[in-house]
Amino acid sequence: MNQKYFYTDNINPIILHLGPIKIYWYGLMYYISFLFIYHIIINKNNKILFYHKINKKNLENLLYYGFINTIIGGRLGYEFIYNAKIFFKNPLILFEIWRGGMSFHGGMIGAIIYILYFSKKNNYNFFSITNLIVPLIPIGLGAGRIGNFINGELWGRVTYNIPWAVIFPNSYDEDKLFIETYPKWKTIFNTYGALPRHPSQIYEFILEGIILFIILNSIKKKNNNNISAIFLINYSLIRIIVEIFRQPDIQIGFFYNTFTLGQILSIPMLLSGIIILYKYNK
């Protein structure tokens, strides 16, 4: 067993106070990722405008409203899927984005709905738009996972045999329930005040943020539907694998004592990616 673990309570989730206003790292991560994506796309606008036949104003609207719909979809998805009981008692928690709680699958649905509307309204090909955006999605994914780590949320499963195990003080209540079932962990819990866990947020940052970015941006032919399909396939596979190390939300738990909700929601993504890849490569 390690004698010393990294404690996430060494990181303050609040960057600074501006009077009654609190600036959180979590919200800042998404804002910074949007600025990066906006900067990358707009700075390549000459090539993009010609290639995708989209004018600059429409491009800016796509990015701005697409981002807003992604955030709304992510928050709604999380509250409806993972936090429904509390959400229906207090719907205003939907706007408390700084506390964390974003569903990627909900965010993706929100983005797709807006892109469908945008494409139809402006007579653009749907996949032409998704192929433009998809290679940069990992920037937002990676930024979000860093925000999760700073918030000390979405932690991994209990472990003590890896040198990078992390103590998440926010897991205290859940850890108390854990040692009731597995009392052999009680000594470790009493020593550290919580149980050492996989830093699954960092795993996801590396796989979803860095590796997926490299994969998508190494594809040379951006003018076909392959890139959207490859994103769906690779993200879903990464998510299914990472969920093995990630602790499911306590209010959801496991399905059939094995599968997490994140894994189940990733299966339709995987199948959709395979179908798109097959259909457009016949």
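Residue numbers (the working numbering): 943 to 1224.
Even for Gly, the Cβ is constructed at its ideal location relative to N, Cα and C.
Remember, predicted model here, so these are calculated numbers, not experimental data.
Check the C-beta distance from residue 1092 over to residue 953 and give it rounded, since I have them as a contact under 8 Å. Here residue 1092 corresponds to residue number 150 of the sequence shown, with the count starting at 1. Here residue 953 corresponds to residue number 11 of the sequence shown, with the count starting at 1. So it is a contact: roughly 5 Å between Cβ atoms.
Distance, residue 1156 Cα to residue 1072 Cα: Sequence index remark: in the sequence shown, residue 1072 carries index 130 (1-based). Sequence index remark: in the sequence shown, residue 1156 carries index 214 (1-based). For residue 1072 and residue 1156, the distance between alpha carbons rounds to 17 Å.
Please classify residue 1138: is it buried, with 16 or more other beta-carbons within 10 angstroms of its beta-carbon, or exposed? The residue labelled residue 1138 in the question sits at position 196 within the sequence shown. Buried.
In the DSSP assignment, the beta strand (DSSP E) including residue 966 goes from what residue to what residue? Start at 1 with the first residue of the sequence shown, and residue 966 comes out as number 24. Per DSSP, residue 966 belongs to the beta strand (DSSP E) from 963–966.
Checking 8 Å against the spacing of the C-beta atoms, do residue 1081 and residue 975 come in under that value? Indexing the sequence shown from 1 puts residue 1081 at position 139. Indexing the sequence shown from 1 puts residue 975 at position 33. Yes. Within cutoff.
Could you spell out the range, first to last residue, of the alpha helix (DSSP H) harbouring residue 960? As a first step, residue 960 must be located in the sequence shown, where it is residue number 18. Note, residue 960: premise wrong, no alpha helix (DSSP H); beta strand (DSSP E) at 956–960.
Is residue 1055 helix, strand or coil when you go by DSSP? Sequence index remark: in the sequence shown, residue 1055 carries index 113 (1-based). Residue 1055 falls in the helix class under three-state DSSP.
Environment of residue 1174 [buried if 16+ CB atoms lie within 10 Å]: Taking the first residue of the sequence shown as position 1, residue 1174 is located at position 232. Buried is the call here.
So, is residue 1223 buried or exposed, given that buried needs 16 or more other C-beta atoms within 10 angstroms? Working through the sequence shown from its first residue, we reach residue 1223 at position 281. Residue 1223 is exposed by the Cβ-count criterion.
Exposure of residue 1026, with buried meaning 16 or more beta-carbon neighbours within 10 Å: Indexing the sequence shown from 1 puts residue 1026 at position 84. Exposed, because fewer than 16 other Cβ atoms sit within 10 Å of the Cβ of residue 1026.
Return the CA-CA distance between residue 1198 and residue 1052, expressed in angstroms with no decimal places. Here residue 1198 corresponds to residue number 256 of the sequence shown, with the count starting at 1. Here residue 1052 corresponds to residue number 110 of the sequence shown, with the count starting at 1. Spanning the two alpha carbons is a distance of roughly 29 Å.
Cut-off 6 Å between Cβ atoms - residues of its own chain near residue 1203, not counting five sequence neighbours on either side: Taking the first residue of the sequence shown as 1, we reach residue 1203 at position 261. These residues qualify, in order along the chain: 1194.
Comparing alpha-carbon positions, which option in 1029, 1037 and 985 lies nearest residue 1010? Start at 1 with the first residue of the sequence shown, and residue 1010 comes out as number 68. When C-alpha distances from residue 1010 are compared across 1029, 1037 and 985, the shortest belongs to 1037.
DSSP-derived helix/strand/coil call for residue 1068: Taking the first residue of the sequence shown as 1, we reach residue 1068 at position 126. Correct three-state label for residue 1068: helix.
Could you check whether residue 1142 and residue 1076 sit closer than 8 Å to each other, using their CB atoms as the reference points? Here the question's residue 1076 lines up with position 134 in the sequence shown. Here the question's residue 1142 lines up with position 200 in the sequence shown. Contact flag unset, no.
Of the listed residues 1095, 1128 and 1126, nearest to residue 1144 (C-alpha basis): On the sequence shown, position 202 is the one that residue 1144 refers to. Per the Cα distances, 1095.
Take the Cβ of residue 1030 as the centre, count every other Cβ of all protein chains shown within 10 Å, and call the residue buried at 16 or more, exposed below. Looking up residue 1030 in the sequence shown gives position 88. Residue 1030 is exposed by the Cβ-count criterion.
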